[in-house]
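See structure below.
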Amino acid sequence: MEVARLTAEGELKQFMIGLLERSPAEQTEVMVTEWDSALTRFANNGIHQNVAERNVSVRVRVVKDGKTGVASINQLNEAAAADVLKRAVAIAELQPRSEVVPLPGPAPARPVEAWSDATAAATPEERADFVQTICAKAGQAGLKAFGAYSTSAGQFAIANSLGVLHHQRSTQGTVNSVVMGDAGSGYADRGAIDVRELDKNELATEVIDKAQRNQNAQPVEPGVYEVVLEEYAVAEMLEFMSFMGFGALAVQEERSFMKLGEKITGDQVSIWDDGLDRSGIPASFDFEGVPKQRVDLITRGVASGLVYDMQTATRAGRQSTGHGLPAPNTEGPFAVNLFMQPGTAAKADLMSDIKRGIWVTRFWYVRVVHPKASIITGMTREGTFLIENGKITRPVKDLRFTQSILEGFQGTLALSRSTKLQVSEYLGASRVPAVRLKAFDFTS
Amino acid sequence: MKELAEAALNAAQVKGASYADVRLDEHVTQDIIVKNGQLAAVSDDASEGFGVRVIVDGAWGFAGSARLDNAEVEQVVDRAIRIARASARVRLAPVDLGPAVTSRGHYRTPLERDPFAVPLSEKVDLLLRADAAMGSVKGVTIREGSMEFIRQTKLFASTEGALVEQELFESGAGIEATATSPDEVQNRSYPNSFGRHQGAGGYEYITALELDRHGGRIAEEAVALLTALQCPSGVKTLILGASQTALQIHESCGHPTELDRVFGMEAAYAGTSFMTPEKLNHLQYGSPQVTITADALTPTGLGTFGWDDEGVPAQRSFLIKNGLFVGYLTSRETASVLGQQSNGTMRADGWNRIPLIRMTNVNLEPGDSSLEKMIAETKDGVYMETNRSWSIDDKRLNFQFGTQLAYEIVDGKRGRLLKNATYAGITPEFWNSCDAVAGRSEWKVWGLANCGKGQPPQVAHVAHGAAPARFQHVKVGILK
Numbered sequence: 005m006e007v008a009r010l011t012a013e014g015e016l017k018q019f020m021i022g023l024l025e026r027s028p029a030e031q032t033e034v035m036v037t038e039w040d041s042a043l044t045r046f047a048n049n050g051i052h053q054n055v056a057e058r059n060v061s062v063r064v065r066v067v068k069d070g071k072t073g074v075a076s077i078n079q080l081n082e083a084a085a086a087d088v089l090k091r092a093v094a095i096a097e098l099q100p101r102s103e104v105v106p107l108p109g110p111a112p113a114r115p116v117e118a119w120s121d122a123t124a125a126a127t128p129e130e131r132a133d134f135v136q137t138i139c140a141k142a143g144q145a146g147l148k149a150f151g152a153y154s155t156s157a158g159q160f161a162i163a164n165s166l167g168v169l170h171h172q173r174s175t176q177g178t179v180n181s182v183v184m185g186d187a188g189s190g191y192a193d194r195g196a197i198d199v200r201e202l203d204k205n206e207l208a209t210e211v212i213d214k215a216q217r218n219q220n221a222q223p224v225e226p227g228v229y230e231v232v233l234e235e236y237a238v239a240e241m242l243e244f245m246s247f248m249g250f251g252a253l254a255v256q257e258e259r260s261f262m263k264l265g266e267k268i269t270g271d272q273v274s275i276w277d278d279g280l281d282r283s284g285i286p287a288s289f290d291f292e293g294v295p296k297q298r299v300d301l302i303t304r305g306v307a308s309g310l311v312y313d314m315q316t317a318t319r320a321g322r323q324s325t326g327h328g329l330p331a332p333n334t335e336g337p338f339a340v341n342l343f344m345q346p347g348t349a350a351k352a353d354l355m356s357d358i359k360r361g362i363w364v365t366r367f368w369y370v371r372v373v374h375p376k377a378s379i380i381t382g383m384t385r386e387g388t389f390l391i392e393n394g395k396i397t398r399p400v401k402d403l404r405f406t407q408s409i410l411e412g413f414q415g416t417l418a419l420s421r422s423t424k425l426q427v428s429e430y431l432g433a434s435r436v437p438a439v440r441l442k443a444f445d446f447t448s
Numbered sequence: 025m026k027e028l029a030e031a032a033l034n035a036a037q038v039k040g041a042s043y044a045d046v047r048l049d050e051h052v053t054q055d056i057i058v059k060n061g062q063l064a065a066v067s068d069d070a071s072e073g074f075g076v077r078v079i080v081d082g083a084w085g086f087a088g089s090a091r092l093d094n095a096e097v098e099q100v101v102d103r104a105i106r107i108a109r110a111s112a113r114v115r116l117a118p119v120d121l122g123p124a125v126t127s128r129g130h131y132r133t134p135l136e137r138d139p140f141a142v143p144l145s146e147k148v149d150l151l152l153r154a155d156a157a158m159g160s161v162k163g164v165t166i167r168e169g170s171m172e173f174i175r176q177t178k179l180f181a182s183t184e185g186a187l188v189e190q191e192l193f194e195s196g197a198g199i200e201a202t203a204t205s206p207d208e209v210q211n212r213s214y215p216n217s218f219g220r221h222q223g224a225g226g227y228e229y230i231t232a233l234e235l236d237r238h239g240g241r242i243a244e245e246a247v248a249l250l251t252a253l254q255c256p257s258g259v260k261t262l263i264l265g266a267s268q269t270a271l272q273i274h275e276s277c278g279h280p281t282e283l284d285r286v287f288g289m290e291a292a293y294a295g296t297s298f299m300t301p302e303k304l305n306h307l308q309y310g311s312p313q314v315t316i317t318a319d320a321l322t323p324t325g326l327g328t329f330g331w332d333d334e335g336v337p338a339q340r341s342f343l344i345k346n347g348l349f350v351g352y353l354t355s356r357e358t359a360s361v362l363g364q365q366s367n368g369t370m371r372a373d374g375w376n377r378i379p380l381i382r383m384t385n386v387n388l389e390p391g392d393s394s395l396e397k398m399i400a401e402t403k404d405g406v407y408m409e410t411n412r413s414w415s416i417d418d419k420r421l422n423f424q425f426g427t428q429l430a431y432e433i434v435d436g437k438r439g440r441l442l443k444n445a446t447y448a449g450i451t452p453e454f455w456n457s458c459d460a461v462a463g464r465s466e467w468k469v470w471g472l473a474n475c476g477k478g479q480p481p482q483v484a485h486v487a488h489g490a491a492p493a494r495f496q497h498v499k500v501g502i503l504k
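One line per chain: the protein sequences are A and B, in this order. Quick note on numbering: the working numbering labels position 137 of the first sequence as 141, and the sequence is numbered without any gaps. Quick note on numbering: the working numbering labels position 244 of the second sequence as 268, and the sequence is numbered without any gaps.
So this is what it looks like as structure tokens:
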């Protein structure tokens, strides 16, 4: 096996339990993340960077005399365990008393299957072959391919002195590609638990076709347009909604756009978080050791729920939904397994009766401008087209948008029946359809 | 450490590498967060390991591991060699590193007080005092203060004979007040946004910030912003505070002069650059007031060190001279393509990553104006300070930035407070409209500890020397 050299589950659990047993604190939590990963990067139709990493993180949280200390180390041995425990306790002892984030008690977590032997065993030669196919096809089309193909295998385990002990293995393969011509480019990406689901020929066809259609783009006037947003762009909007407002802390701190019980988007919009759904990138428990629950966030346009971690749930007098981040965490809970309800339209038909609009492949460099109004800005990239009388007529130069997500979704006219899994650059994944929106503000 | 490095280099040569280097790196980070009068988080994180970079058959391979023993060294070298051979199957021209680099020596960040020796209670006490100052202002919803300290010990050795050891320290801190209303969220932070102001140095860097002295002021500004006038839309004279000027330099000069980006090596992720080689020594990037250097020797800069992660000595070079584009940030490999030698900007964010071209301290050299003079000379303008949002296209041309705070400028005087201020432009047009830069007394090195680039992602700590600067005919108030 080339990639996956992971510590045996039994050995890992023994290490964690041993650390809990020797802790002098009243409460202790141990979180271990171990990964073995590789990434092959290509540019100008050739591999220019090719890397691999084997690493581990041991994170210890202790609660002693009403004070919390956290320390981490990236070694998995007795000396490291003693060191990280000592540092966590020392931090707790040195600080003043403050609010203690409660540790959860034991609860059964529903196992999810997130492992593929094929991914774990992926070799640099296999990655090179995959990349070679894309580069060769791009070269034959007179274009240049750029991108990265990564494979990883890992395990995540969490235990605490109240009896929590969870363990999960997972794998992931992701590939993205930009194909460029002299006067335009296209983009495509894929992500899966099992690398055998990543079809290099299908990916190459999509990205090359997009690049070929996107040559010699001409500008259009900025303004408000009807749009079709491909799944790449939609997933990014959901990620920003998660960042700005789906977490309970954002609401408790009065900085979220979510107004529970109120209609905030169009009827066709339903968004939820489900860490247990295998059509996403599933996980059975969170970074505090709480089992994952499905949470409906927006249901037929109405703000219907929030995700909670231990701290925000305690403040609200309810249970955590299993969306905690690693301690110490001042960012609050995050929805990281997002889904958007698909519609009934074929993706290509989303533009069928648009008189004049814009087809957007993906966004780039998106940032929050006004969180409470859910306003973001960013650029379109690698595949922006003019739609006229139901058809794409020509590529257009990339545009900057400055747009409220909620206002955009209030004008949801149609959604595709197909969905695509988008693995996040940071954490988690989204499964979303393509959407057609009535109005989208391109500002320059 | 040296024995492991030697073992790795020997193994790589025996197994067929024409070049190899190894980096052993130990990183310790302490983070402290105080929120709403409570100590919300203290963590102490340590990471160590080694990475081996090899060239085999003219192609790169890299592997790294957290395990520090001889058996693992053999495994990691084997893996790097196999990866390089796989790379060679789909490579373009063989890698050419140019002249050999044989640096040797030791470097340590100059500092007065080791931040890891300062009692935790002293650090927490300072943050709590700043928090109390913010809390004394009615209407503030969230108060947060943080500190971060980093100690990095690293060794670099290569088959060309380089052997350098470095001990680098960083200290950073910042406070932020947030005020909310049903329709608004307004933040004010000090000295910079996004957590902290950070520099290469010891605890004296934190003391000098006087966090507690500024808590009340920023809290009052956050509350005032809730009811401030919306920044009007129009084309106006724009004066940027120094920290926003720093961000402008970062996005629209630092990134586009990274030569790996120019050659497409970041094309699928971080994008490319409009500053392509035929423009070198020809493009009038900015007005004559604009001179920008890459200076890894700047005191307290996060891009200050002894050698980069290819063993190239820290140095100062010009990117823009009196407005003319004259230089890139380079690595050994990219510089040799242009027939140049590296100016030492290759850095990795840890042992587990390969070095990439990263900004060092990319500085806008001070001018001869002042903020006061720039305002006095302006008839119809806006002053903006402290970044709130930043976005620029994949060629680094079309940008839109927002700031936490702004003031209108009318007939040479600072007027009303403005909220949700934004401005936009196209890079060379914007820098060519620069007609004044403040002088040395208002020039400061701004640490930026969240610069993302590369796959797998790496976060670099870079810095920008900047003073307030003025730009004419800028589109402001994009958010209506």
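For glycine and all other residues, C-beta sits at the position ideal for the given N, C-alpha and C.
Check A:Leu264 in the structure and name its three-state DSSP category.
Under the three-state reduction of DSSP output, A:Leu264 falls in the coil class, being neither helix nor strand.
Quick one: grab the DSSP three-state call for B:Gly439.
Strand at B:Gly439.
Quick check on this structure: which residue in B:Leu179, B:Gly439, B:Phe454, B:Trp455 has the alpha carbon closest to the alpha carbon of B:Val76?
B:Leu179
Check the Cβ of B:Asn444 against every Cβ in chain A and list those closer than 8 Å, keeping chain order.
Contacts between B:Asn444 and chain A, judged by CB atoms closer than 8 Å, involve Val373, His374 in chain order.
Distance cutoff 8 Å, beta carbons only. Does B:Arg115 sit that close to anything in chain A?
yes
What is the DSSP secondary structure of B:Trp375, counted as helix, strand or coil?
coil
Tell whether a beta-carbon distance below 8 Å holds between A:Trp276 and A:Arg304.
no
So is B:Gly88 in contact with chain A if we call contact Cβ pairs under 8 Å?
yes
Using the C-alpha atoms, what's the distance from A:Ile51 back to A:Met5?
Confidence is the limiting factor: at A:Met5 the pLDDT is only 47, short of 50, which leaves the residue's position unreliable, though a coordinate-based value still follows. Taking the straight line from one Cα to the other gives about 23 Å.
Could you tell me whether the region 150-164 of chain B touches the region 239-251 of chain B, where touching means 3 or more Cβ pairs closer than 8 Å?
yes
What in chain C is Cβ-close to A:Ile51, meaning under 9 Å?
In the displayed structure, chain C is absent; the protein chains listed are A and B.
To which residues of the same chain is A:Gly190 closer than 6 Å at the C-beta, ignoring the five residues directly before and after it?
Val183, Val211, Lys214, Ala215, Asn218, Glu386, Gly387
What number of angstroms, rounded off, separates the C-alpha of B:Leu151 from the C-alpha of B:Pro143?
Near 13 Å, if we compare the C-alpha coordinates of B:Pro143 and B:Leu151.
Among B:Gly219, B:Gln37, B:Ser213, B:Lys260, whose alpha-carbon lies nearest the alpha-carbon of B:Arg237?
B:Ser213
Counting C-beta neighbours from all protein chains within 10 Å, is the total for B:Thr251 16 or more, i.e. buried, or is it exposed?
exposed
Assign B:Cys458 to one of three DSSP states: helix, strand, or coil.
The DSSP-derived three-state label of B:Cys458 is strand.
Judging by CA-CA distance, which residue of A:Ser174, A:Thr334, A:Pro399, A:Met245 is the nearest neighbour of A:Leu310?
A:Met245
If you draw a straight line from the alpha carbon of A:Tyr430 to that of A:Phe289, how long is it in whole angstroms?
18 Å
Which bits of chain B does A:Pro332 rub up against, with CB to CB less than 9 Å?
Asp55, Ile57, Ala64, Ala65, Val66, Ser67
Which residues in the same chain as A:Arg101 place their Cβ atom closer than 8 Å to its Cβ, once the five residues preceding and following it in sequence are excluded?
Asp69, Gly70, Lys71
Output the distance between the C-alpha atoms of B:Ser413 and A:Ile268, rounded to the nearest integer angstrom.
24 Å
Out of B:Glu432, B:Ala491, B:Asp459, which one is the CA nearest neighbour of B:Asn387?
Comparing alpha-carbon positions, the option among B:Glu432, B:Ala491, B:Asp459 lying closest to B:Asn387 turns out to be B:Ala491.
Tell me, please, whether the region 387-402 of chain B touches the region 453-463 of chain B by the rule of three or more beta-carbon pairs shorter than 8 Å.
yes
I'd like the span of the beta strand (DSSP E) that includes A:Leu24, first residue to last.
Run containing A:Leu24: none in the beta strand (DSSP E); it sits in the alpha helix (DSSP H), 13-26.
Quick check: the Cα distance between B:Gly225 and B:Val336, rounded to an integer number of angstroms?
22 Å
For B:Arg132, does the three-state DSSP call read helix, strand or coil?
In this structure, B:Arg132 counts as strand in the three-state DSSP scheme.
A:Asn341 bridges to which residues according to DSSP?
A:Ala433
Using only the alpha-carbon positions, how far apart do B:Ile502 and A:Met262 sit?
In a straight line, the C-alpha of B:Ile502 is about 24 Å away from that of A:Met262.
Would a C-beta distance cut-off of 8 Å place B:Val314 and B:His497 closer than the cut-off?
no
Chain A partners of B:Trp414, CB-CB under 9 Å?
Within chain A, Tyr369, Arg371 have C-beta atoms less than 9 Å from the C-beta of B:Trp414, given in sequence order.
Can you check whether the CB of A:Thr397 is closer than 8 Å to the CB of A:Leu403?
no
Give the straight-line distance between the Cα atoms of A:Ala124 and A:Ser61, rounded to the nearest whole angstrom.
A:Ala124 and A:Ser61: Cα-Cα distance of roughly 19 Å.
Let me see if you follow: with CB-CB separation under 8 Å, is A:Asn48 close to chain B or not?
yes
Quick one: which residues of the region 89-101 of chain A get their C-beta closer than 9 Å to a C-beta of chain B? List them in chain order.
Flagged, chain order: Arg91, Ala92, Ala94, Ile95, Ala96, Leu98, Gln99, Pro100, Arg101.
Give a yes or no on contact between the region 58-65 of chain B and the region 178-192 of chain B, applying the rule of three or more CB pairs nearer than 8 Å.
no
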